[in-house]
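Read left to right, the sequence shown gives residues 4 to 145 (the working numbering).
Report on the structure given below.
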Amino acid sequence: MYVAKTGASQYTGHETQTAVERNQLDKHDFLRLLTTQLKHQDPMNPIKDQDFIAQLAQFTALEQTQNLAQAMEKFVESQEKMGLISQATSLLGKEVVVVNSDTEQAAAGLVSAIQFTDGVPQLVVDGQAYFLWEVQTIKVVS
4 MYVAKTGASQ YTGHETQTAV ERNQLDKHDF LRLLTTQLKH QDPMNPIKDQ
54 DFIAQLAQFT ALEQTQNLAQ AMEKFVESQE KMGLISQATS LLGKEVVVVN
104 SDTEQAAAGL VSAIQFTDGV PQLVVDGQAY FLWEVQTIKV VS
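Dropping the structure here:
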């Protein structure tokens, strides 16, 4: 559901993006809508308990869905990192041909170690570090 904000309020003063810029609602927008609804309700016709509970249930479901999405993003990221580490360790002791992506210079040798730069595994070949995507050929040493 898309709702455009038309102005700033006491609740949005610290935010750097409006709902229009985000193009989506989050739990803070839902709480603002709920509190605005409660603040401007007709005293002669207040929100029924069932309606209020239903809205709270929707809020809880929204928050749980967002938490699940964040957890899944972290899980996918960790699985990608584990995949890279697994690929790198599988090359230990194997002879590879690598091409330096900066200099376009090829080198061949045994993968003697794996080092990490900013969490990304690099293969050490003849004392020089190479990224996995710089591997051109893998030879099995017999």
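Ideal Cβ placement from N, Cα and C applies to all residues, glycine included.
- Query: What residues are listed by DSSP as bridge partners for residue 142?
  - Reply: Position 139 of the sequence shown holds residue 142. In the DSSP output, where bridge partners are listed per residue, residue 142 has 98.
Exercise. Which residue's Cα is closest to the Cα of residue 64: 33, 99, 114?
Worked result: Counted from its first residue, the sequence shown places residue 64 at position 61. Residue 64 has its Cα closest to that of 33, out of 33, 99, 114.
inquiry  = Please classify residue 124 as buried or exposed, where buried requires at least 16 other C-beta atoms within 10 Å of its C-beta.
reply    = Against the sequence shown, residue 124 aligns to sequence position 121. Buried, because 16 or more other Cβ atoms sit within 10 Å of the Cβ of residue 124.
Compute the Euclidean distance between the alpha carbons of residue 67 and residue 31, then round it to the nearest angstrom. Locating residue 67 in the sequence shown gives position 64, counting from the first residue. Locating residue 31 in the sequence shown gives position 28, counting from the first residue. Approximately 14 Å between the Cα atoms of the pair.
Counting Cβ pairs, one atom from each stretch, are 3 or more of them under 8 Å apart for the region 101–117 and the region 70–87? no
- Query: According to the neighbour-count rule (16 or more other Cβ atoms, all chains shown, within 10 Å of its Cβ), is residue 91 buried or exposed?
  - Reply: Taking the sequence shown and counting its residues from 1, one reaches residue 91 at position 88. By the 10 Å Cβ count, residue 91 comes out buried.
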